[in-house]
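Please read the structure below before turning to the comments.
In my numbering, the protein residues as written are 1 to 407.
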């Protein structure tokens, strides 16, 4: 294990500077190694602008990029059973891999799939011009604490247009792109969003709380031009996307599989069809997905209460382990021989619960072999070395990835 290089024709991550620290950990009477370093982020170029879609509880694209480049080749199949905004699969597409994306939340596909079929800015501009605005349009729920009346009219008009396009099966890649961008501009903390100042978009707030924010800040919603903001955000998303990356995304998109299933049972995925899974599951009840997504669900005519009933939010570590144990059995089924699983988890409850120590036995019980745990420190400084590594407590600003292989 100390000479662990993954034998994949690339430089071992043990050679990275600063030097990787190895620490042994005993889990269920067996020793495993934690590899501790700053494996990505500052030493890599910034992630592609196409990733800049706001969503709570998501890792940076450098994480899947690290494992995709290390463990797979072009044309290999990359899977994420908890896809969220689609970071893993979009990065895989950029890198010329095929993808499978699953998430029980239907918003995931709305946020991820359009980025595989990138429109030209002129196409977006022309389509926005064609969408008529109903001056009498009004939401069926009270959104006055978020939007100026004229902004609300534009937003509801856009919602109705997209609904109608979908209903008559006429929603094309340009409409889907506009839907994706609008879904991610609904509320936020700058003038680039449709709403008055509120919490950042990855921390959606309730109408009641927004009323309090407005009072505290002595603010009223100002008019925002929705079409202009959609166009501006579209340009921003595409600003550093290369022509080859657009082609790679398109090719991956045409062969992609997007599913909307419980990660414990995804029958649409064939046995032994996945080369690498990179994923980060929901951590106990740390993130309440349904509370964060109520407005996005409204805009996309999705029943948020029904979705929240379908999403398993485990209250105890035992419940979480039971659920993830079933997920690992399904991952074992779909993973090819010599295929990989990189399972990212964090510390919760102030670092008292280190989920990586619970994940190792779950993977083993499903049939995988555990090769160790990578801990990526955001900044590998002397301070982190003293306070983090030596105390065996790496803080919340880290990624813990348990790495498994199917032998």
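Cβ atoms here follow ideal geometry from the backbone N, Cα and C, with glycine treated the same way.
> Can you name the start and end residues of the alpha helix (DSSP H) that residue 304 belongs to?
Replying inline: Numbered from its first residue, the chain shown carries residue 304 at position 304. Segment 304–310, the alpha helix (DSSP H) holding residue 304.
>> For residue 244 and residue 336, what's the separation of their Cα atoms in angstroms?
In response: As a first step, residue 244 is located in the chain shown; it is residue number 244 there, counting from the start. As a first step, residue 336 is located in the chain shown; it is residue number 336 there, counting from the start. For the pair residue 244 and residue 336, the Cα-to-Cα distance works out to about 28 Å.
>> Using only the alpha-carbon positions, how far apart do residue 103 and residue 295 sit?
In response: Within the chain shown, numbered from 1, the residue matching residue 103 stands at position 103. Within the chain shown, numbered from 1, the residue matching residue 295 stands at position 295. Just so you know, the alpha carbons of residue 103 and residue 295 end up roughly 19 Å apart.
> Under the three-state reduction of DSSP, which class applies to residue 243: helix, strand or coil?
Replying inline: Taking the chain shown and counting its residues from 1, one reaches residue 243 at position 243. Of the three classes helix, strand and coil, the one that applies to residue 243 here is helix, per DSSP.
> For residue 314, which of 223, 325 and 304 has the nearest alpha-carbon?
Replying inline: Position 314 of the chain shown, counting from 1, holds the residue named residue 314. That would be 325, whose Cα lies nearest to the Cα of residue 314.
>> Pop quiz: residue 89 and residue 274 are said to be a contact at Cβ under 8 Å. What is the actual Cβ separation, rounded to whole angstroms?
In response: Stepping through the chain shown from its first residue, residue 89 is reached at position 89. Stepping through the chain shown from its first residue, residue 274 is reached at position 274. Contact doesn't hold; Cβ gap of about 12 Å is too wide.
>> Please report the distance separating the alpha-carbon of residue 32 from that of residue 158.
In response: Sequence index remark: in the chain shown, residue 32 carries index 32 (1-based). Sequence index remark: in the chain shown, residue 158 carries index 158 (1-based). When rounded, the separation of the alpha-carbon atoms in residue 32 and residue 158 is 53 Å.
> residue 196 to residue 272, Cα distance in whole Å?
Replying inline: Sequence index remark: in the chain shown, residue 196 carries index 196 (1-based). Sequence index remark: in the chain shown, residue 272 carries index 272 (1-based). For residue 196 and residue 272, the distance between alpha carbons rounds to 49 Å.
> At what residues does the alpha helix (DSSP H) containing residue 321 begin and finish?
Replying inline: Position 321 of the chain shown, counted from the first residue, corresponds to residue 321. Here the alpha helix (DSSP H) through residue 321 covers 317–334.
>> I'd like the span of the beta strand (DSSP E) that includes residue 358, first residue to last.
In response: Position 358 of the chain shown, counted from the start, is the residue given in the question as residue 358. It is not in any beta strand (DSSP E) - residue 358 instead sits in the alpha helix (DSSP H) that spans 355–366.
> Opposite residue 34 in the DSSP bridges: which residues?
Replying inline: Within the chain shown, residue 34 is the residue found at index 34, counting from 1. According to DSSP, which records beta bridges pairwise, residue 34 is partnered with 23 and 373.
>> Comparing C-alpha positions only, which one of 356, 376, 400 and 406 sits nearest to residue 27?
In response: For this step, residue 27 is matched to residue 27 along the chain shown. Residue 356 is the option with its Cα nearest to residue 27.
> For the alpha helix (DSSP H) that contains residue 299, what are its first and last residues?
Replying inline: Walking along the chain shown from the start, residue 299 turns up at place 299. Looking at the DSSP string, the run of the alpha helix (DSSP H) that includes residue 299 is 294–299.
>> Run through the DSSP bridge pairs and tell me what residue 84 is partnered with.
In response: Residue numbering aside, residue 84 sits at position 84 when the chain shown is read from its first letter. Answer by DSSP bridge pairing: none, since residue 84 is not bridged.
> Does DSSP put residue 49 in a helix, a strand or coil?
Replying inline: Within the chain shown, residue 49 is the residue found at index 49, counting from 1. DSSP, reduced to helix, strand and coil, places residue 49 within a helical segment of the structure shown.
> To the nearest angstrom, how far is it from the Cα of residue 257 to the Cα of residue 177?
Replying inline: Position 257 of the chain shown, counting from 1, holds the residue named residue 257. Position 177 of the chain shown, counting from 1, holds the residue named residue 177. If you take the alpha carbons of residue 257 and residue 177, they lie about 18 Å apart.
>> Suppose the cutoff is 6 Å on Cβ atoms and the five residues either side in sequence are ignored; what does the same chain contact list for residue 443 look like?
In response: With the chain represented from 1 up to 407, any question about residue 443 goes unanswered, as that position is not in the structure.
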